[in-house]
Each structure stands twice: as structure tokens, then as C-alpha cells.
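Heads up, the thing below is written out as C-alpha cells.
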Amino acid sequence: LPDAIITTAELVDANVTQAKIATAVLPLTVGQTWQSVSRSNGTTYTNSTGRAIAVAISCWSSNQTGYFYINGSSLFLGLGRSSYFDTLPLFAIVPAGATYSTSGLDYIGLWMELR
1 LPDAIITTAE LVDANVTQAK IATAVLPLTV GQTWQSVSRS NGTTYTNSTG RAIAVAISCW
61 SSNQTGYFYI NGSSLFLGLG RSSYFDTLPL FAIVPAGATY STSGLDYIGL WMELR
């Protein structure tokens, strides 16, 4: 498990440090930076950071529908148009430990993650 995750056993352990508790409950953005990452359509990734991350994607779909999945549940991404230059924007919060992926995309122009 990532270091910031507090297990049930640790909750009853008097040795859980305040620093570990503080790290586990940090709000999104504190100590995180936007990173350009290489991701592929149809591949499942796991957020193993120990904290929630934000995902921002600029993409295109010729079939005019794209999807983003968190833990296998599909979230509607959007409808595109027939032009290559009509991109679909996506912003999502991915919980710690969750899996995430996309489908129906032909092109990913930019994939950024706040982690």
C-alpha cells in the first residue's frame, strides 16, 4: 500500500503519527503538480499515489463518442463532431487506488494528471 494510506489495523495502533494522518487527508492540489503523462486509449491504469488525482484530457473521436472509466464504471466523455479539430475535453477526479481508462478515442492530444 502507498505510504499515505492508513489501514484499519493502524487506526487502532497508538503509533500512527500525526504526519501520516495529515498526509492521508491532504486536499487535492496540496503538494501535487500537473504532469504530462503518456497514456493509451483502451489501457487500464491504477492510481497508486495514495491520494486522489485529477485527470485532464484533450482528445478526438471519429465515432463521436468517447468514454472515461473509473473502476470499470463508464462516465460519458462527450460527443465530438466530424472535424478532426473538434476535440473532446475531459476532467475527472480519480480516487486513490482506483483504476481508470478511456475507450472510443482515436486521438489523445494531451493527457495531464495532477499527482
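The sequence shown begins at 1 in my numbering and counts up one residue at a time.
Don't be surprised by glycine CBs; every beta carbon is placed ideally from N, CA and C.
Could you round the C-beta distance between residue i and residue j to whole angstroms and report it? I think they count as a contact, below 8 Å.
i	j	result
A96	R51	5 Å
Y107	V55	With 8 Å as the limit, Y107 and V55 do not qualify as a contact, their Cβ atoms being about 17 Å apart.
G109	S58	4 Å
Just to confirm my understanding: we take residue i, look at its own chain, exclude 5 residues before and 5 after, and list those with CB closer than 6 Å. What are they?
i	result
L1	Only weak support exists for where L1 lies, its pLDDT of 46 falling under 50; the coordinates are left without a value.
Quick check on DSSP: helix, strand or coil for residue i?
i	result
S62	coil
T46	strand
S103	strand
L75	strand
S36	strand
What's the call for residue i, buried or exposed, on a 16-neighbour Cβ count within 10 Å?
i	result
W111	buried
T102	buried
Taking CB distances under 9 Å as the criterion, tell me whether residue i reaches chain C.
i	result
Y67	Here there is only one protein chain, and chain C is not present.
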